[in-house]
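See structure below.
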Amino acid sequence: MIYLRLFLEFFKTGLFSVGGGLATIPFLYELSAKTGWFSYEELANMMAVSESTPGPMGVNMATYVGFETAGVPGSICATIGLVTPSVIIILIIAKALHAFRSNRYVDAAFYGIRPCSLGLIAAAGAIVAKIALLNIDLFKQTGLFTDLVNIRALILAAALLVLTRAVKFTKNLHPLWFIAFSAIMGILLKY
Amino acid sequence: MPILFDLFVTFAKVGVCTFGGGYAMLPILEREVVSNKGWATMDELLDYYAVGQCTPGIIAVNTATFIGNKHKGIPGSICATLGMIFPSLVIILIIASVLSNFADIPAVQSAFAGIRVCVCVLIFNAIIKLWKSVVKDMYSLICVLAVFLLSIFLDISPVIFVLLSAVCGILIKTAEVRSK
């Protein structure tokens, strides 16, 4: 039963991802590897759409993945699954908010988890980088190291890094602008 | 307007106005929930945020649940949460169904190839930002690197890493208290 499965997988994602939208990404890669419902490449595309549309990124991702996997009912199951653990946990905590915030063990557990979340996000980032910047398939065919790296993608990445980090005028622009710019460059450079 | 419906509509508005979630949402929540509706004070909102950051799940949903619960108990929390996710559902469903019709066009594929490079850079920037706020001592440095390498080279579920690191945190903090 795919709807129940979607609900449960996203319930798990909601329960274990700490620190907002990006933290859900490693779980979605695991889901992709485990089920084959969608490819890594499709996941990267969905991330772009989720970042450039309104709403929390995690919710957008759940809706998109659910829809691609099992249509409109799938998207609803995935999204409800994602938010259910939050609602339950917060309802429990709300009764004793201050006791929770000052609890030594809670504090210690999250001291432990925060760098772990970062490590998981970085590993997910490495998968995106592999898809976006390297030509693994072409390299396997030709065996040439010059074919391994996608030069045009690398130049675009370098340009984007400069625009998002160094240039004062563009640094604080909304990510939407960079995504639109990259789409146009993708069409012009014909990847 | 009945308050349950009002909770739904207000959080739907917050959902439409935010891109990316998390901190981007704070100014809009402040305007809608604190200034317009008076449902929470700014201090309460920051408390909710702090808890939302260190509990599992989406921060936006955690905050909506807190405020809904404060005003109308469990039904309130459900209405606020549904309001928060409603715009995402509608907007993404429209985009996804349109995109799946155009996905085979070469120009669309090239555009997405370019966009994937951008996603990669955006994640890199987010990681740098997180690194600055998270990596502060020996444990956090080792943990980030170990989790990064292990999850790239081994096929282990993220759940295992999260649980193990929570145990590590508790052990380290307990040891610190004892040694004092």
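Just so you know, the sequences run in chain order W and Z.
For the first sequence, counting from 1, position 33 maps to 33 in our numbering; every step adds exactly one.
For the second sequence, counting from 1, position 57 maps to 248 in our numbering; every step adds exactly one.
All C-beta atoms, glycine included, are put in the ideal place defined by N, C-alpha and C.
Per DSSP, cross-strand counterpart(s) of residue i
i, result
"P54/W", "F210/Z"
"V65/W", "Answer by DSSP bridge pairing: none, since V65/W is not bridged."
"P85/W", "P85/W pairs with nothing; no bridge assigned."
"V338/Z", "Partner(s): none; V338/Z has no beta bridge."
"V18/W", "P247/Z"
"L134/W", "V149/W"
Beta-carbon proximity list for residue i, same chain, < 6 Å, skipping 5 on both sides
i, result
"A23/W", "S17 and S117"
"F169/W", "none"
"T63/W", "S75 and T79"
"L138/W", "D147"
"I25/W", "A124"
"D239/Z", "It is Tyr, not Asp, that sits at residue 239/Z in the sequence shown. Only T254 and F257 meet the Cβ criterion."
Exposure label - residue i; buried when at least 16 CB within 10 Å
i, result
"T142/W", "exposed"
"G248/Z", "buried"
"Y105/W", "exposed"
"P349/Z", "buried"
"L313/Z", "buried"
"A287/Z", "buried"
"A33/W", "exposed"
"T13/W", "buried"
"M61/W", "buried"
"E9/W", "buried"
"G264/Z", "exposed"
"R307/Z", "buried"
"S102/W", "exposed"
"P73/W", "exposed"
"N292/Z", "exposed"
"T365/Z", "exposed"
"E367/Z", "exposed"
"M233/Z", "exposed"
"L160/W", "buried"
"I370/Z", "Sequence check: residue 370/Z is Ser here, not Ile. By the neighbour-count rule (16 or more Cβ atoms within 10 Å), S370/Z is not buried but exposed."
"T133/W", "Here residue 133/W turns out to be Leu, not Thr, going by the sequence shown. Buried, by the Cβ-count rule."
"L321/Z", "buried"
"F145/W", "exposed"
"A96/W", "exposed"
"L188/W", "exposed"
Sequence-distant residues of its chain with Cβ nearer than 8 Å to residue i (five each side left out)
i, result
"I347/Z", "L341"
"R114/W", "V18 and G19"
"A70/W", "I2, Y3, L6 and C77"
"P175/W", "E51 and S52"
"V224/Z", "T201, V205, W230, A231, L236 and I258"
"G228/Z", "Position check: residue 228/Z holds Lys in this sequence, whereas Gly was assumed. Cβ neighbours of K228/Z beyond the five flanking positions: D197 and T201."
"F199/Z", "C270, A271, L273, G274 and F277"
"C334/Z", "S356 and C359"
"F194/W", "Chain W is shown only over 1 to 191; residue 194/W falls outside these bounds and no answer can be derived."
"L332/Z", "V326"
Neighbourhood of residue i by C-beta, 7 Å cutoff - its chain only, sequence neighbours within 5 removed
i, result
"A94/W", "none"
"F202/Z", "A255, A271, G274 and M275"
"F277/Z", "A203 and G206"
"F352/Z", "V338 and S342"
"S268/Z", "T256, G259 and N260"
"P266/Z", "L195"
Integer Cβ distance of residue i from residue j, believed to fall under 8 Å
i, j, result
"A48/W", "I179/W", "6 Å"
"L112/W", "C245/Z", "For the sequence presented, residue 112/W should be read as Gly rather than Leu. That belief does not hold up - the Cβ atoms of G112/W and C245/Z are roughly 11 Å apart, past 8 Å."
"Y40/W", "I127/W", "6 Å"
"N135/W", "L120/W", "With 8 Å as the limit, N135/W and L120/W do not qualify as a contact, their Cβ atoms being about 26 Å apart."
"V65/W", "L15/W", "In fact, because the Cβ distance is near 17 Å, the residues do not count as touching under 8 Å."
"G21/W", "P56/W", "6 Å"
"I219/Z", "T209/Z", "6 Å"
"Y330/Z", "I361/Z", "With a Cβ gap of about 12 Å, Y330/Z and I361/Z do not count as contacting."
"V59/W", "L82/W", "7 Å"
"M216/Z", "A241/Z", "Between A241/Z and M216/Z the Cβ distance is about 14 Å, and since that is not below 8 Å, they are no contact."
"V310/Z", "A44/W", "6 Å"
"F303/Z", "G36/W", "So it is not a contact: roughly 20 Å between Cβ atoms."
"F67/W", "L345/Z", "About 31 Å separates the two Cβ atoms, so there is no contact after all."
"N253/Z", "I90/W", "5 Å"
Distance cut-off 8 Å: residue i Cβ against heavy atoms of the ligand SAH
i, result
"V299/Z", "You won't find the ligand SAH in this model; it holds no ligand whatsoever."
* Select from the segment 22-39 of chain W all residues with a C-beta closer than 7 Å to any C-beta belonging to chain Z, and list them in chain order. => So the close ones are L22, P26, F27 and E30.
* According to a CB-to-CB cut-off of less than 9 Å, which residues of the segment 97-110 of chain W neighbour chain Z? -> Within the segment 97-110 of chain W, the qualifying residues are L97, H98, F100, R101, R104, Y105, V106, D107, A108, A109 and F110.
* Between the segment 245-256 of chain Z and chain W, which residues of the former have CB atoms less than 7 Å from a CB of the latter, in chain order? -> Within the segment 245-256 of chain Z, the residues whose Cβ lies closer than 7 Å to some Cβ of chain W are C245, T246, P247, G248, I249, I250, A251, V252, N253 and T256, listed in chain order.
* Asked: Between the segment 157-178 of chain W and chain Z, which residues of the former have CB atoms less than 8 Å from a CB of the latter, in chain order?
  -> Of all residues in the segment 157-178 of chain W, A157, L160, L161, T164, R165, H174, P175, L176 and F178 have a Cβ within less than 8 Å of some Cβ in chain Z.
* With 7 Å as the C-beta to C-beta threshold (strictly closer), list the residues of the segment 111-135 of chain W near chain Z in chain order. => Correct list: Y111, G112, I113, R114, P115, C116, L118, G119, L120, I121, A122, A123, G125, A126, V128, A129, I131, A132 and L133.
* Relative to chain W, which residues along the segment 303-319 of chain Z have a C-beta separation below 7 Å, given in chain order? -> Listed by position along the chain: F303, A304, G305, I306, R307, V308, C309, V310, C311, V312, L313, I314, F315, N316, A317 and I318.
* Output, in sequence order along the chain, the residues in the segment 349-366 of chain Z whose CB is closer than 9 Å to any CB in chain W. => For the segment 349-366 of chain Z, which is checked against every Cβ of chain W, the residues closer than 9 Å are P349, V350, F352, V353, L354, L355, S356, A357, V358, C359, G360, I361, L362, I363, K364 and T365.
* To do: Identify each residue in the segment 255-270 of chain Z for which the Cβ-Cβ distance to at least one residue of chain W is less than 8 Å, and report them in chain order.
  => Listed by position along the chain: T256, F257, N260, K261, I265, S268 and I269.
* Asked: Taking a cut of 8 Å between CB atoms, which residues from the segment 50-72 of chain W lie near chain Z?
  -> Flagged, chain order: S50, E51, S52, T53, P54, G55, P56, M57, G58, V59, N60, T63, Y64, F67, E68 and V72.
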